[in-house]
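Here the structure is laid out as structure tokens; the discussion comes afterwards.
Residue numbers (this note's numbering): 1 to 298.
Shown next as structure tokens:
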């Protein structure tokens with residue numbers, strides 16, 4: 001029996017649109033996505049409410065004008081990022097090289113790179129940064145991803161995301177696969193700044209809120225004897241492309257205390273968010289899981 005996912009008309013239309021957009025100049029695609037974002041922001045929606053709730057919880061000291069400005073910019077960036085999947089998934093290596101500016105504190109092509117976890121964060125440029133990290137490494141690597149609900153679309157996205165010699169590993173019970181890659185000294189890219197539930201998580205502060213935060217990064221680094229390289233993807237102004245910024249290796253990490261390591265990760269993320277709060281994915285329910293006895297916030 002064939003295991004090929006069934007492809008609907010919606011699938012062909014969506015993929016056709018993305019492939020078509022990729023034929024256009026990047027600036028046109030980015031402006032197109034931003035335009036849709038501006039229109040959708042005018043319509044009440046659950047995701048718009050999530051953005052405002054997150055900003056109110058994390059920045060209670062902001063006035064309403066500041067919160068509204070950042071909320072709108074973040075929402076528009078999030079919608080725009082979906083249009084830019086066209087370039088990120090279907091753009092050639094040459095096209096991506098023109099669009100992605102690399103600012104790395106380490107040599108990503110070093111032949112003697114030890115076992116490495118590349119730790120990403122959910123800024124709007126994460127897709128471009130993740131794909132280009134795979135390309136910049138110039139070696140077999142792996143990347144964790146969250147499967148999509150549509151099997152056909154998920155298969156397509158997995159293929160495009162992994163086209164630069166990256167093995168795509170479904171998030172979930174993936175620890176064994178990650179450790180297998182680390183033992184082979186294949187760099188592994190993952191992100192851990194979303195609320196995935198209480199399993200393998202702890203509650204530590206994130207902008208003053210107790211946030212359910214994964215402890216898997218430090219545990220995997222400890223068992224896999226891996227260094228941790230944080231990176232972020234920044235969307236450049238004036239529709240110029242992206243910046244992939246790779247930071248120095250975290251020293252004394254893991255520390256042996258998963259809670260302390262989770263606090264360190266959140267503190268690092270806070271520092272980066274304050275530099276460009278409008279580029280963080282505030283559309284996600286970061287505080288979905290609450291400590292026992294605390295009411296939901298959404």
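Using N, Cα and C, we set each Cβ at its ideal position, and we do this for glycine too.
Residue i, buried or exposed, once every other Cβ within 10 Å from all chains shown has been counted against 16
| i | result |
| --- | --- |
| residue 238 | exposed |
| residue 183 | exposed |
| residue 83 | buried |
| residue 63 | exposed |
| residue 286 | buried |
| residue 61 | exposed |
| residue 293 | exposed |
| residue 43 | exposed |
| residue 248 | exposed |
| residue 161 | buried |
| residue 41 | buried |
| residue 68 | exposed |
| residue 300 | The question about residue 300 has no answer here: the residues shown for the chain are numbered 1 through 298. |
| residue 81 | buried |
| residue 274 | exposed |
Between the CA atoms of residue j and residue i - distance to the nearest angstrom
| i | j | result |
| --- | --- | --- |
| residue 48 | residue 243 | 27 Å |
| residue 256 | residue 187 | 22 Å |
| residue 290 | residue 217 | 21 Å |
| residue 85 | residue 145 | 15 Å |
| residue 1 | residue 105 | Residue placement at residue 1 is flagged as unreliable, the pLDDT there being 47, under the threshold of 50; a coordinate-derived value is accordingly withheld. |
| residue 30 | residue 77 | 9 Å |
| residue 164 | residue 174 | 21 Å |
| residue 16 | residue 28 | 17 Å |
| residue 6 | residue 149 | 13 Å |
| residue 34 | residue 268 | 28 Å |
| residue 50 | residue 266 | 20 Å |
| residue 219 | residue 258 | 7 Å |
| residue 32 | residue 24 | 11 Å |
| residue 311 | residue 73 | Residue 311 lies beyond the stretch modelled for the chain, which goes from 1 to 298, so this question has no answer here. |
| residue 185 | residue 178 | 11 Å |
| residue 132 | residue 13 | 26 Å |
| residue 282 | residue 155 | 27 Å |
| residue 8 | residue 271 | 43 Å |
Member of the options whose CA lies at the smallest distance from the CA of residue i
| i | options | result |
| --- | --- | --- |
| residue 71 | 199, 38, 17 and 115 | 38 |
| residue 253 | 271, 221, 240 and 276 | 221 |
| residue 190 | 224, 130 and 219 | 130 |
| residue 96 | 144, 22, 106 and 141 | 22 |
| residue 26 | 88, 73, 50 and 199 | 88 |
| residue 284 | 40, 32, 55 and 41 | 55 |
| residue 260 | 204, 210, 273 and 46 | 204 |
| residue 58 | 179, 228 and 210 | 210 |
| residue 118 | 112, 137 and 223 | 137 |
| residue 66 | 277, 295, 296 and 281 | 277 |
Contacts around residue i, its chain only, beta-carbon distance under 6 Å, and the 5 residues preceding and following it disregarded
| i | result |
| --- | --- |
| residue 234 | 125 and 243 |
| residue 263 | 204 |
heavy atom of the ligand SAH below 7 Å from residue i C-beta
| i | result |
| --- | --- |
| residue 184 | The ligand content of the structure shown is nil, which means the ligand SAH is not present either. |
Neighbourhood of residue i by C-beta, 7 Å cutoff - its chain only, sequence neighbours within 5 removed
| i | result |
| --- | --- |
| residue 201 | 212, 213, 214 and 215 |
| residue 166 | 134, 141, 142 and 143 |
| residue 196 | 214 |
| residue 225 | 115 |
| residue 298 | 50, 53, 285 and 288 |
| residue 168 | 143, 145, 158, 161 and 162 |
| residue 193 | 121, 122 and 269 |
Residues near residue i by beta carbon distance below 8 Å, same chain, minus five either side
| i | result |
| --- | --- |
| residue 19 | 86 and 90 |
| residue 101 | 236, 241, 242, 243 and 244 |
is_contact[residue i, chain C] using C-beta, thresh 8 Å
| i | result |
| --- | --- |
| residue 10 | Among the chains in the structure shown there is no chain C, since it carries only a single protein chain. |
Extract the residue ranges of the beta strand (DSSP E) inside the segment 85-157, only unbroken runs of 3 or more that lie entirely within it. 100-104, 116-120 and 141-145
Minimum length 3: unbroken beta strand (DSSP E) runs contained in the segment 201-264: 201-206, 209-214, 227-235 and 242-246
Completely contained beta strand (DSSP E) runs for the segment 13-38, where each covers 3 or more residues: none
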